[in-house]
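Please read the structure below before turning to the comments.
Numbering (the working numbering), first residue to last: 48 to 104.
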């Protein structure tokens with residue numbers, strides 16, 4: 048019970064909002080960068096498969 052009710056309330060009061068804002072911003076940046084990074088990885092893997100002679104899917 049303590050880990051689900053008391054600890055979150057104590058931590059919520061102890062942690063300032065400014066500290067959480069940086070984490071939320073970093074999370075948003077990572078989400079926005081995930082698609083271009085995934086596309087680049089896919090392109091590199093496709094080029095590698097083509098160069099090695101195996102068929103790409």
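C-beta: ideal position from N, C-alpha, C; glycine also. This one's a predicted model, so the numbers in the text were calculated from it and none came from an experiment.
For residue i and residue j, I'd like the C-alpha separation in whole angstroms.
| i | j | result |
| --- | --- | --- |
| residue 76 | residue 94 | 27 angstroms |
| residue 52 | residue 74 | 26 angstroms |
Check whether chain C comes within 9 angstroms of residue i, counting only Cβ atoms and requiring the distance to be less than that.
| i | result |
| --- | --- |
| residue 79 | Among the chains in the structure shown there is no chain C, since it carries only a single protein chain. |
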